[in-house]
Amino acid sequence: MSPPLSKRLRAVSLALWLITNCVASQSISRQQERLMPAILNGTDKLPGNSPFRHCKDSNFSDDLYDLMWVTLIPDPPEMDNRVQVMLNGTMKQDIAAGATINVIANLTDYLPPENDTWNFCTLFTVEGEAETKCPPDKGETLLTFATEVTWLTPEANYTVKADARTKDGTRIVCLEGDFEIVHGGFP
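Here the sequence shown is numbered in this note's numbering, starting from 5 and rising by one per residue.
Spelled out as structure tokens, the structure:
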């Protein structure tokens with residue numbers, strides 16, 4: 005019998021913290037732990053050693069998802085390779101069906117941004133305390149987005165904003181980040 009999801013999530017969280025050199029002592033409170041990496045590296049990036057941060061227009065304390073860390077694997081993303089974005093946190097309430105996520109991606113100042121909205125459950129795999137399901141219930145939740153970066157994807161710097169909202173428009177979570185997609189494999 006496998007351990008409960010909350011124990012598995014904590015184990016994954018600990019492993020990722022160790023891998024990314026973001027180790028915090030056990031005596032640090034949850035709020036302090038969330039702020040520690042940003043204080044240490046002088047940026048507004050979220051814990052997890054990823055290029056993501058809360059959106060500038062977001063009062064993240066009001067978000068329905070209390071985000072603990074975000075990880076981008078691999079970082080930087082590579083062409084012709086799989087990329088995963090993992091978010092770990094706590095849903096403050098059950099999320100009803102019909103939630104969406106708006107993603108705006110900019111490649112350069114010379115091209116118009118890609119602006120698409122998807123069903124939240126189409127993009128994310130959700131693991132909650134009780135089971136894997138979407139939309140997520142209140143409680144500790146791991147959200148995973150995974151996709152293949154095809155060889156057709158230009159090697160360039162990208163700016164991305166992802167804003168998830170409930171059907172009635174309440175913000176679930178909003179992230180933005182700048183990252184580069186590189187040619188994978190051979191140097």
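Ideal Cβ placement from N, Cα and C applies to all residues, glycine included.
Item                                                                                                     : Value
Member of Pro139, Glu135, Glu118 and Asp120 whose CA lies at the smallest distance from the CA of Phe128 : Pro139
6 Å Cβ shell around Ile77 - same chain, five flanking residues per side excluded                         : Gln88
Three-way DSSP call (helix, strand, coil) for Asp84 in this model                                        : coil
Alpha carbon of Pro116 to alpha carbon of Asn110, nearest angstrom                                       : 7 Å
C-alpha gap between Ile105 and Cys178, whole angstroms                                                   : 9 Å
Integer Cβ distance of Ala160 from Arg86, believed to fall under 8 Å                                     : Not a contact, Cβ separation roughly 19 Å.
Reduced DSSP secondary structure (H/G/I, E/B, other) of Leu156                                           : coil
Cutoff 8 Å; reference Asp79; Cβ partners in own chain excluding five residues on either side             : Asn53, Ser54, Pro55 and Phe183
Host beta strand (DSSP E) of Leu76 (start-end)                                                           : Tyr69 to Ile77
Per-residue burial, Asp67 [other beta carbons within 10 Å of its own, 16 or more giving buried]          : buried
Alpha-carbon to alpha-carbon, Asp172 and Leu147                                                          : 21 Å
Selected residue, minimal CA-CA separation from Lys49, among Ser65, Trp73 and Asp61                      : Trp73
Minimum C-alpha distance to Ile99 - residue among Thr157, Asp61, Ser62 and Tyr69                         : Tyr69
Cβ neighbour criterion (16 or more within 10 Å) applied to Gly181                                        : buried
Range of the contiguous alpha helix (DSSP H) that encloses Cys178                                        : Segment Arg175 to His187 is the beta strand (DSSP E) holding Cys178; no alpha helix (DSSP H) there.
Simplified DSSP state of Leu253, which is helix, strand or coil                                          : Absent from the structure is residue 253, since the part of the chain shown begins at 5 and ends at 191.
Spatial distance of Leu91 from Val186 (CA atoms)                                                         : 23 Å
Sheet register partners of Gly132 (DSSP bridge)                                                          : Thr145
Rounded separation between Arg175 and Trp122 - CA only                                                   : 15 Å
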